[in-house]
Amino acid sequence: MRVTLTRIYHFAGSHRLHSPKLSDDANRTLFRECNNQDGHGHNFFLHVTVTGPIDRRTGMIVNLGDLDPAIEAHVLRKVDHRFYSAAYLQLRDDPEHPEPWIATSENIIRVIYPWAEAAMPAGVTLVRLQLDETASNRFEYAGEQPLLQRSEPLECAP
Amino acid sequence: MLITRVFKFSASHRYYDEGWSPEKNWEVFGPCSNRHGHGHNYRLEVSIQGQVDRQTGMIINLKDLKELVDREVIQRYDHRHLNLDVGDFAGTQPTTEQIAVAIWTRLQDKLPVGELARIRLWENDDLYAEVSA
């Protein structure tokens, strides 16, 4: 028997899907309305699924009084009301072969994942993240395509 | 193949450890330790895994599943105080995790056909616990 707990958080942000390697026409063809010059935004919902032993005394895998502020500090503070394209967030994937940063939800969830891992209180393990970009588009990720180099947003970098 | 049926119940609970001071309870549980408890509208998703029966075209007759969950869970928990009216949480707290585990334990070996694959218990629209085999 495996027990997990999932907490859903909200943040809002904007992005523009655009590759500097492609022509303007190719960008429009590939990314369509998401290539809009000045970007666009979403209400994102982030599902954080964790596991660990249930403490007999508290009945809890994790106390939300510990998890909520940790996710706030490690994740939400860095992404809420931000623009994810341009230089603010970067995907530090392979320094030898840098690719342009495309702020898709697939890439945003890959950047966020190690932050969420770092937010885990003692004895708690991150199982999966799910990022709902809209009610129609959702992305699930369990760390299977990790970044080679950890990424931090510009203004929050240590 | 999985089939999932959704159930609802409303119940109250309180997180409080009698071995701790009221201050310590507040520190650990916050407003969940309030004396008279508080309540939620729980949403329970029960997923059954199995073979599709050739005669009925079903994994499980949903009428049977509904009767089972109604008897084992809904009639016990709905419009009850989970600490005071239900014996399942002695020595621990009726958290989302523990309620999900208790429901799993109650249903696990009682299905007429198929296997209990997963239950997901929503306490609120931003919190759920999931138990799987």
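Chains as they are written, first to last, in my numbering: chain V, -5 to 152; chain G, 42 to 174.
Backbone N, C-alpha and C define an ideal beta-carbon position, used for all residues, glycine too.
Shorter than 9 Å from the beta carbon of P63/G to some beta carbon of chain V?
no
Cross-chain neighbours of L16/V in chain G, by beta carbon under 8 Å:
In chain order: nothing, as chain G lies at least about 39 Å away.
Against T45/G, what residues of chain V qualify as contacts under a CB-to-CB distance less than 8 Å, listed in chain order?
Simply none; closest approach about 16 Å.
Chain V beta carbons: is any one of them nearer than 9 Å to that of Y169/G?
yes
I'd like to confirm the pairing. Which residues does DSSP put opposite E134/V in its beta bridges?
Q124/V
Any idea if S181/G is buried or exposed, counting beta-carbon neighbours within 10 angstroms, 16 or more meaning buried?
No information on residue 181/G is available, as it lies outside the stretch 42 to 174 that chain G covers here.
Spell out a yes or no on whether the segment 144 to 160 of chain G and the segment 113 to 131 of chain G are touching, meaning 3 or more CB-CB pairs, one atom from each, closer than 8 Å.
yes
Cβ of S157/V within 9 Å of Cβ of G117/V?
Beyond the ends of chain V as shown, which are -5 and 152, falls residue 157/V; an answer cannot be given.
Members of the segment 49 to 69 of chain V near chain G, C-beta cut-off 8 Å
R50, R51, T52, G53, M54, I55, N57, L58, G59
With a threshold of 8 Å (Cβ to nearest heavy atom), would E171/G be considered close to the ligand SAH?
This structure lacks the ligand SAH, and indeed carries no ligand of any kind.
Own chain residues within Cβ distance below 7 Å of A170/G, not counting five before or after:
T137, E138, A141, L162
Checking the sheet assignment: what are the DSSP bridge partners for A116/V?
The partner list for A116/V (beta bridge, DSSP) is empty, contrary to what the question assumes.
Close Cβ partners of L40/V (< 6 Å) along its chain, the five nearest in sequence each way excluded:
Y3, L125
Candidates D94/G, G60/G, G98/G, L85/G: which alpha carbon is nearest A52/G's?
L85/G
I want to verify the contact list: residues of chain V whose CB lies under 8 Å from the CB of V142/G, in sequence order.
M(-5), V(-3), I48
According to the Cβ coordinates, are H120/G and F50/G closer than 9 Å?
yes
Against chain V: residues of the segment 105 to 133 of chain G by CB proximity under 9 Å:
F130, G132, T133
Opening and closing residue of the beta strand (DSSP E) in which W163/G lies:
156 to 165
Using the beta-carbon count (16 or more within 10 Å), is V93/G buried or exposed?
exposed
Find the residues of chain G that neighbour R1/V, judging by a C-beta separation of less than 7 Å, and give them in chain order.
D167, L168
Cross-chain neighbours of W145/G in chain B, by beta carbon under 8 Å:
Here chain B cannot be found, since the structure's protein chains are V and G.
Counting contacts by CB-CB distance shorter than 9 Å, is G71/G in contact with chain V?
yes
Below 8 Å, how does it come out for the segment 95 to 110 of chain V and the segment 63 to 80 of chain V: are there three or more Cβ pairs, yes or no?
yes
Identified DSSP bridge partners for K49/G:
R84/G
For the segment 54 to 74 of chain G against the segment 46 to 62 of chain V, are there 3 or more C-beta pairs whose distance is under 8 Å?
yes
Under the rule that 16 or more other beta-carbon atoms within 10 Å means buried, what is A151/V, buried or exposed?
Since pLDDT at A151/V reaches only 48, below the 50 mark, its modelled position is unreliable, and no value is offered.
Starting from D58/G, find everything on chain V with Cβ-Cβ shorter than 7 Å and list it in chain order.
R51
Does S97/V pass the burial test, meaning 16 or more other C-beta atoms within 10 Å, or should it be called exposed?
Looking at the sequence provided, one finds Ala at residue 97/V rather than Ser. Flag for A97/V reads buried.
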